[in-house]
Each structure stands twice: as C-alpha cells, then as structure tokens.
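Sequence lines, in order, name chains L and S. Take 29 as the starting number for the first sequence in our numbering and just add one per residue. Take 29 as the starting number for the second sequence in our numbering and just add one per residue. Glycine included, each C-beta is placed from N, C-alpha and C at the ideal position. Source: prediction; values computed, not measured.
There are 2 protein chains.
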Amino acid sequence: MAIDFSIRKANSRARTGRLLTPHAEIATPVFMPVGTVASVKGVPQDTLEELGAQVILGNTYHLYLRPGVETVRRMGGLHGFMSWRRAILTDSGGFQVFSLNELRKVSEAGVTFRSHLDGSSHFFSPESAMEAQIGLGADIIMAFDECTEYPADQVRMRESMEMTARWAARSKKYFEEHKQEVPWKNGPQPSAFSPQQNQIPRSARNDNDGASRDDSAAELRSAGQPRAAVPTLSEAAAPTCSEQTQSLFGIVQGGMDRVLRKESAERTIEIGFPGYAIGGLSVGEPRELTREIVESTLEHLPKDKPRYLMGVGTPEEIVEYANLGIDMMDCVLPTRAARHGLLFTSEGKVSIKQARYAQDQGPLDPNCGCRVCQRYSRAYLRHLYASNEVLAQVLNTIHNLSFYLDTMQRVRHSISLGEEYRFLPGAGFDRDLEL
Amino acid sequence: MAIDFSIRKANSRARTGRLLTPHAEIATPVFMPVGTVASVKGVPQDTLEELGAQVILGNTYHLYLRPGVETVRRMGGLHGFMSWRRAILTDSGGFQVFSLNELRKVSEAGVTFRSHLDGSSHFFSPESAMEAQIGLGADIIMAFDECTEYPADQVRMRESMEMTARWAARSKKYFEEHKQEVPWKNGPQPSAFSPQQNQIPRSARNDNDGASRDDSAAELRSAGQPRAAVPTLSEAAAPTCSEQTQSLFGIVQGGMDRVLRKESAERTIEIGFPGYAIGGLSVGEPRELTREIVESTLEHLPKDKPRYLMGVGTPEEIVEYANLGIDMMDCVLPTRAARHGLLFTSEGKVSIKQARYAQDQGPLDPNCGCRVCQRYSRAYLRHLYASNEVLAQVLNTIHNLSFYLDTMQRVRHSISLGEEYRFLPGAGFDRDLEL
C-alpha cells in the first residue's frame with residue numbers, strides 16, 4: 029500500500045487515527061487547507077507548517093492551466109515545485125470543470141471545456157485527469173468524477189452516478205498502469221535545489237490526542253534560523269509507507285438520493301480503492317440534507333479505510349462530520365472568508381470590516397494562540413482591511429486557518445478521550461456564509 | 029536628549045554608529061523600510077523583525093487620513109497600534125501633500141489639500157503637522173517642509189527654501205511646547221493589550237560590525253512559540269534614552285542649488301535640531317546632480333548629528349550615500365519594485381515575470397540567506413507572479429527588504445573594518461527603475 033491507515037481510537041461513529049503517506053504522517057480527522065494553484069493564498073509555506081497544516085489540497089484544473097503539469101513534473105511534482113514537504117492531495121479537476129465552465133460538453137469519453145483564463149479549449153478524461161495528477165505528484169489523488177448539480181431529477185442523478193462509476197474504473201486502470209511514473213518514484217524528492225533541506229517534514233503541531241508523533245524539531249525551528257540543524261531530507265523524509273507511489277481514492281456520487289448513494293458506494297468499493305470520498309455535497313442543498321446523505325453514505329463505506337468528505341464546511345460542520353466518522357475534509361471557506369474580512373473565533377463570527385472595531389484594542393480571539401491573536405488588536409486588523417492592505421488578507425487567513433486547524437486538533441483530542449467536541453454555546457457559526 | 033547618537037568608527041567620510049531612541053537602538057547607517065499606513069505592505073511585523081528591520085517609516089499624510097491620528101493616539105501611538113516595538117520615524121506629511129495633490133494651495137500659514145481618498149478638504153500647517161506626529165508617537169518626527177519641485181527656477185527655489193526655514197522654526201516651537209503629549213510619555217507603551225509582551229524590542233540581526241547589541245532572544249523566538257519566555261515589556265524595553273520624548277529633525281531644502289542648500293543648512297542648524305535631513309532630492313533630477321547636492325550639503329551639516337537622506341534610493345545609491353556619510357535612508361523602491369516583480373539580487377536585477385524563469389529551479393539569489401531564497405525556486409516565484417497570487421507580493425517584498433537590509437549591514441561591517449563596501453561587478457543596479 030502507498031498509504032497506511034490505522035484507527036487509534038473509535039467512539040460510536042467518530043474515530044481518530046493515523047494516515048501514513050509517502051511524504052507525511054497525518055493525524056485524522058484532518059482539515060486540509062486549499063492551495064488552489066500551489067499556494068494557500070497569502071500564506072508562506074513555513075507559516076502553514078507553524079499552523080500545523082498536515083496536508084494541503086491542490087486543484088488539478090487550475091494547475092493544469094497554470095503553470096501546467098509538465099512544469100510541475102520537472103520540478104519533482106508539487107512538493108518540489110512549491111517546496112512543501114508534508115502531504116498533498118489533488119482533486120481530479122472534475123469539480124472545477126463543472127463549476128467554472130458553463131460551456132462544457134460532457135460525453136462518455138470525458139469533458140471538453142474552455143479555460144476560464146483565455147477561453148482555450150481543453151479535454152479531461154479519466155485517463156488524462158490521472159495523467160495530470162500523476163505528473164503533479166500529490167500523495168493522494170482522486171478519481172475523475174462528474175459532480176452532479178443540485179437540484180437534479182432522478183434520471184439525471186442515476187445517469188451521472190453511473191458515469192462516475194465507469195469513470196472510476198477507467199481512472200483506476202490508467203493509474204495502475206502508470207503509477208510508476210510519479211516524479212518522486214525513487215523516494216520523495218521534494219525539491220531539485222538543496223536549500224530546501226531545511227524544511228521539516230512530517231510534523232503535526234502539539235497534537236494532544238496522545239497518539240501523535242510529534243516532531244519537536246519543528247517546534248524549535250525559528251524562521252529566523254533558516255540554516256538551523258534540522259533533519260535533512262535523507263534523514264527525516266524516510267519513507268512512511270513501504271510502496272513509494274501515490275494513492276488513488278474513489279468518489280461516491282449519487283446526488284441527494286440515499287439509494288443511489290448506496291449503489292454508488294457499492295460500485296466504487298467493488299472497483300476497490302485505498303480510500304473513499306463523498307463528493308457532490310455542499311453544492312447548494314439544505315444543510316440537513318447534506319448531513320442525511322453523509323450519514324447514510326457512511327454506513328456503506330468500509331470502516332478500515334479513510335473517508336473524505338469533499339468541500340466541507342463551516343466550523344460547525346467540520347466538527348459535526350468528524351463526529352460522524354469522516355476522516356478528511358477540505359474547504360475554501362476559511363481562506364475565502366478571510367479575504368472578505370470574515371473571521372472565525374471562539375466567540376463566533378467577526379466581520380472585521382465593521383466600524384465597531386475601529387478602536388477595539390482587544391485581540392481578535394482572546395482564546396486563540398495564533399500569531400495574529402498574540403500580536404495584533406482588532407483595531408489594527410480593521411484598519412488593514414479598511415485600507416485595503418495586503419497584510420489584511422495575510423493575517424486574516426493565518427487566523428482562520430489556525431482556527432480550523434486548532435478546532436480539528438481539539439476534535440482529535442476529544443475523540444481520544446472518548447468525548448464529543450462541541451463549540452461553546454453562542455459561537456453561532458452557521459451555514460449562511462455566502463461570499 | 030530624546031535620542032543619543034554616537035559614532036563608533038569613521039573613515040574619510042563614511043561613519044558607523046549607534047542611534048539610541050526611546051524604543052530602540054539603531055545601528056547606522058540604516059535603511060528604513062516604508063510602512064505607509066502602519067504596514068510594510070504584505071509583510072507581518074514578526075517577519076520584519078526577523079529581517080533585521082531596526083526602524084520603519086510611517087507616512088503622516090496617509091495615517092492622518094486613515095485611520096486618523098486620534099485612533100492611533102488612543103492605542104498608544106503607532107507602536108501600540110501596529111504592534112511594533114522597535115523604532116519608528118514619521119515624515120511630516122509635506123511630501124505627500126505636494127506629490128499627491130495637484131489642487132493644493134500653499135500659503136505662509138500652511139497647505140490646503142484634498143484627500144486622495146474622498147476629495148475632502150484638509151489643512152496642514154507646521155503646527156498641525158507636529159500635532160499629528162506627536163499623536164502618532166514615532167521616535168523621530170520631521171519638521172513640516174515644502175518639497176521644492178524639479179525643475180524650479182532660482183526665485184522659486186529661494187522662496188521655497190526660505191518658507192521651509194520659517195516653517196522649521198514654527199515646527200520646533202510647537203514641538204517644544206507640546207512634546208510632553210506623546211502617547212507614551214510615561215515610558216514606551218507600545219500596546220494596550222498584553223499579548224504583545226511577547227515581542228522583542230531592540231534587536232538588530234547578526235550585525236557583524238562588532239559593535240552591535242545582539243538580542244539573542246530574538247533569534248531563539250519561533251513564531252510557532254508565541255508564548256515563549258522572552259523579555260517582557262518592562263524588562264526589555266528599558267529606556268534607551270534618559271528623556272522619554274520624541275525627537276524632531278530639521279530638513280534642508282534649497283532645490284538643486286548648492287548655495288541655497290548651504291544657506292538652508294545654516295538656517296536649519298541655527299534653529300537647532302538633534303538630527304538633520306536632506307529633503308527634496310530624488311525628485312526627477314539626474315543622479316549625478318543628486319550626488320553633487322548630497323555631497324555639498326553634507327559639508328555644512330554637523331558631524332556629530334545623524335544625517336538622513338530622504339527617499340533614496342537604489343541599492344547602489346544607498347551604498348554610495350552611506351559611503352559619503354549619510355546615516356539614515358528610506359525608500360519605497362524595494363517594496364514597490366517587489367510588487368512589480370522586480371527583484372534585487374547579488375547578481376543584479378531579476379524581473380521574475382519573465383518566461384525564462386518558468387522552469388528555473390535555482391534560488392532567486394544563490395548568495396542570499398533570506399527565507400525566500402532558502403526555500404523557493406525562481407520557477408515557483410515566477411508562477412506566483414504570473415498567477416497573480418498574493419504570496420508573490422509577500423515573498424518578493426521579503427526578499428527585496430532582506431537584500432536592502434543585508435546590504436546596509438555589510439556596509440556597516442565594511443566601515444567598521446575601514447573598508448568601502450562595493451557590490452560585485454556586474455550587479456548592474458541603476459536608477460532606471462520607473463515603476
């Protein structure tokens with residue numbers, strides 16, 4: 029196996045575990061910040077490390093268009109290209125093709141679409157999406173699927189689900205035949221140039237769930253000490269899995285129909301993947317429906333494999349779904365909301381642009397230990413946002429990611445103690461966050 | 029004295045010294061990054077500390093308009109507002125009033141101008157500019173001057189110089205009568221909220237000139253350890269000067285006329301200031317002329333006082349003027365150029381947007397130890413810029429500031445050894461940097 033998943037502690041439905049990938053060990057459940065075009069917008073990689081990001085997500089659609097798969101492949105894949113030593117997951121490109129392209133043309137073969145950048149015409153098939161993702165070299169890659177729109181009628185949902193199943197089989201076939209072509213086949217080679225030896229792989233920040241492999245060197249490393257004696261590539265990036273290839277996850281679709289979801293799960297499991305994702309949710313349906321589909325779909329997924337809920341969600345949702353047994357989640361919400369001045373705190377949402385904060389000398393979140401809350405006042409953050417300063421985006425994003433990552437750390441800790449993590453009453457996050 | 033300046037080593041014209049201010053000790057000659065509206069665009073304050081920024085500049089004009097002097101004053105001044113424990117210098121607002129306002133109206137009383145933000149009408153006089161700067165609370169503030177445009181005829185240059193001299197006297201009078209109103213009068217109080225105790229004041233990074241007070245705690249502090257046991261405010265920010273007030277510097281004007289510059293210097297010295305600036309240069313005149321005026325003006329300035337050349341310059345210029353005996357300089361060039369993808373390296377200028385870097389796996393500057401050059405490839409930086417990613421601005425700015433600050437550190441080191449620092453042949457910086 030190119031990944032290894034072990035559950036350390038399970039309570040009713042929730043579980044906490046360890047997912048070993050070629051580049052990093054990941055404590056689950058995990059939230060994955062989105063780094064669309066090889067950058068989590070506005071945040072340097074060393075800051076992401078300090079925040080405790082264990083795995084980030086790249087978007088194949090965006091990377092395929094810019095800088096192009098071949099460029100990334102030549103740099104040793106995304107790890108080398110963006111200098112990120114921990115784990116990476118790429119989506120298949122399917123979701124962006126469907127959400128960004130009104131002129132797409134879908135056939136059994138694949139999808140013809142136009143670039144949102146220059147209008148040029150492109151084609152993604154299960155095979156070409158695999159080829160792109162192998163070139164990008166993420167630790168975990170995703171089968172090419174069709175994300176069914178919402179609402180959709182029964183016929184449409186079934187046809188879409190069935191095509192996703194056929195595409196999953198083709199994705200797996202291509203992947204198995206070409207997985208040796210990953211840019212870091214002879215062991216992870218995150219970079220072609222030596223200074224990156226300084227980076228720390230495989231560290232999860234102060235994970236208090238008692239099961240974490242804590243890399244204390246990461247805690248000691250100061251960004252002001254770039255040449256500090258930390259483990260070099262050859263010492264520290266020892267393989268975490270016996271087989272040095274990527275892992276391909278399957279995706280369950282089926283719209284908002286529980287029966288179709290069950291059938292999709294069964295067909296995907298029959299093809300056989302080392303992990304399963306639930307796709308096609310959080311696309312506009314009511315939150316109760318999302319939860320219902322997640323809950324029912326989970327019943328049909330193997331307990332010993334990682335389960336990834338795609339594109340979710342609010343702080344309350346990521347806690348809720350982790351408690352239902354989801355192991356992995358990703359969402360643009362913390363980063364996108366930050367760019368709109370919407371910040372998540374232990375006391376609820378803060379719209380930092382409001383004039384009421386203009387002379388507020390307190391920290392953004394008195395219960396947060398992130399470098400933003402430790403140093404700056406709400407008044408200063410409000411000023412940066414109101415003045416359209418780039419630092420507003422940088423600091424806001426750092427805080428929101430810290431809030432999400434700390435929340436998941438607390439969830440893991442609670443599960444390890446046999447408890448269920450809940451936000452303080454009145455935190456008042458909800459789904460009404462259209463940005 | 030609210031500042032104390034001592035020269036440690038002088039060779040022919042160049043000198044290296046120490047400037048003590050209420051908030052920090054500054055090794056000179058020093059380059060001051062520009063933080064227009066209380067932010068060096070795109071760079072968090074802890075990163076500025078790591079880069080070795082000893083003193084940053086704030087623009088009174090911009091801060092007066094947004095967030096307003098009163099807001100900053102209530103937060104303990106700029107130090108508290110932006111959480112910056114090292115030194116700050118503010119300009120008088122005069123330069124922006126003249127450069128950003130075509131509709132300004134100048135009289136003996138002062139200048140009426142319109143906000144570039146909303147067109148509202150405002151008035152700056154020597155007195156109101158002092159009032160604003162006292163409220164902003166920088167360590168060093170500047171007399172209100174008229175920056176003579178270039179080119180200007182003899183009559184205009186003289187009249188302008190003479191008004192600057194009269195305004196200097198009014199600036200000093202107001203300052204002396206009101207300097208006790210500085211927001212941190214009872215000792216530096218950089219912040220109203222306690223988490224900022226974590227910040228390190230007064231550290232100049234690895235200064236190899238043998239005279240630096242190196243604060244090793246700063247080197248040990250990791251941003252991942254915000255609660256580390258580092259000196260608290262009361263322990264570390266002990267007064268560096270006996271008198272806890274700001275210092276007002278005078279400004280020499282006189283256009284491009286050496287005789288007028290001499291007269292301006294004499295009249296400004298007669299009023300009496302603890303430091304002198306040369307203003308009105310680098311406003312479009314040929315570089316040879318700038319140097320000629322700097323050189324001749326320096327002859328008329330007291331050797332035992334700090335000399336500040338305003339708004340200069342390219343990497344070659346800051347070295348050149350430090351070698352002529354200038355102690356302080358500021359310029360938007362490193363930060364502004366970074367936003368345009370123009371980067372300064374030991375091998376010369378790099379326009380990172382160029383396609384030739386698309387697959388360049390090497391570091392931006394192989395001789396640079398900054399966190400950007402230590403971690404990222406030219407290919408990645410080029411991709412970020414081409415993709416309009418905010419991280420491009422962040423990383424580019426960090427590198428350019430590192431290059432400027434490291435250059436000045438090398439200049440100080442050379443002076444302390446009795447040598448004259450020069451760039452490697454072929455670095456090829458020049459003034460042709462219109463952005």
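Length of the line joining the Cα atoms of residue i and residue j
i	j	result
L128 (chain L)	I443 (chain S)	59 Å
V347 (chain L)	T435 (chain L)	8 Å
V287 (chain L)	S324 (chain L)	9 Å
S219 (chain L)	P211 (chain L)	For S219 (chain L), the predicted structure reports a pLDDT of 47, less than 50, and the residue's modelled location is therefore unreliable. A value from the coordinates is still provided. So the two alpha carbons sit approximately 11 Å from each other.
A30 (chain S)	F301 (chain S)	11 Å
E298 (chain L)	G278 (chain L)	10 Å
H469 (chain S)	R198 (chain S)	With chain S represented from 29 up to 463, any question about residue 469 (chain S) goes unanswered, as that position is not in the structure.
D243 (chain L)	D358 (chain L)	Note that D243 (chain L) scores 35 on pLDDT, short of 50, meaning its location in the model is unreliable and no value can be drawn from it.
S374 (chain L)	E130 (chain S)	48 Å
H144 (chain S)	G312 (chain L)	42 Å
G86 (chain S)	P61 (chain L)	34 Å
L91 (chain L)	E155 (chain L)	17 Å
D32 (chain L)	E291 (chain L)	26 Å
F464 (chain L)	T64 (chain S)	A question about residue 464 (chain L) goes unanswered here, because the residues of chain L that appear run from 29 up to 463.
Q253 (chain L)	P50 (chain L)	With a pLDDT of 31 at Q253 (chain L), under the threshold of 50, the modelled position of that residue is not reliable, and the figure given next carries that caveat. Whole-angstrom Cα-Cα distance: 27 Å.
T273 (chain L)	T363 (chain L)	30 Å
E177 (chain L)	K377 (chain L)	29 Å
A239 (chain S)	R101 (chain S)	Below a pLDDT of 50, predicted positions are generally treated as unreliable, and A239 (chain S), at 37, falls in that range; the measurement from the model is reported next regardless. Cα to Cα, the separation comes out at about 34 Å.
I169 (chain L)	A160 (chain L)	10 Å
E263 (chain S)	C398 (chain S)	Only weak support exists for where E263 (chain S) lies, its pLDDT of 32 falling under 50; the coordinates are left without a value.
L48 (chain L)	V83 (chain S)	46 Å
Top-ranked residue by Cα proximity to residue i, from the options
i	options	result
Q402 (chain L)	L:S374, L:P391, L:R101 and L:E291	L:P391
P95 (chain S)	S:Q82, S:G45 and S:L164	S:L164
T342 (chain L)	L:L85, L:E313, L:D32 and L:F372	L:F372
N424 (chain L)	L:S188, L:V71, L:T44 and L:H150	L:V71
F109 (chain L)	S:V422, S:Y385, S:L445 and S:R438	S:Y385
T88 (chain L)	L:G105, L:E209 and L:S379	L:G105
G147 (chain S)	S:R132, S:A160 and S:E320	S:R132
I35 (chain S)	S:D285, S:A293, S:G446 and S:K333	S:K333
V400 (chain L)	L:L419, L:S415 and L:S310	L:L419
K213 (chain S)	S:D393, S:D181, S:D167 and S:R184	S:D167
L93 (chain S)	S:Q73, S:T75, S:F141 and S:E136	S:F141
L76 (chain S)	S:E417, S:V422, S:R295 and S:V183	S:V422
L370 (chain S)	S:Y349, S:D393, S:A350 and S:Q389	S:D393
A137 (chain L)	L:G283, L:R194, L:C175 and L:E78	L:R194
F59 (chain S)	S:C396, S:A350 and S:H206	S:A350
A42 (chain S)	S:V340, S:Q389 and S:K331	S:K331
Short Cβ contact (8 Å threshold) for residue i with residue j
i	j	result
G80 (chain S)	L329 (chain S)	no
F482 (chain L)	F203 (chain L)	This structure cannot speak to residue 482 (chain L), because chain L is shown only from 29 to 463.
Q387 (chain S)	T99 (chain L)	yes
L352 (chain S)	L326 (chain S)	yes
Q124 (chain L)	S188 (chain L)	no
S67 (chain L)	L409 (chain S)	no
F451 (chain L)	E344 (chain L)	yes
V322 (chain L)	L337 (chain L)	yes
A383 (chain L)	N428 (chain L)	no
P179 (chain S)	V439 (chain S)	no
D355 (chain L)	G122 (chain L)	no
A157 (chain S)	A115 (chain S)	no
A407 (chain S)	M103 (chain L)	yes
L309 (chain S)	K200 (chain S)	no
G307 (chain S)	M185 (chain S)	no
Paired residues, beta bridge with residue i - DSSP
i	result
F372 (chain S)	S:K377
K37 (chain S)	S:T44
R335 (chain S)	S:Y304
D358 (chain S)	S:M60
H150 (chain S)	S:F141
P391 (chain S)	S:S405
G278 (chain L)	L:Y304
T118 (chain S)	S:G86 and S:I169
R54 (chain L)	What sits at residue 54 (chain L) in the sequence shown is Ile, not Arg. In DSSP, I54 (chain L) forms a bridge with L:L47.
### Task
At 3 residues or longer, and completely inside the region 67 to 103 of chain S: list those beta strand (DSSP E) runs for me, N to C.
83 to 86
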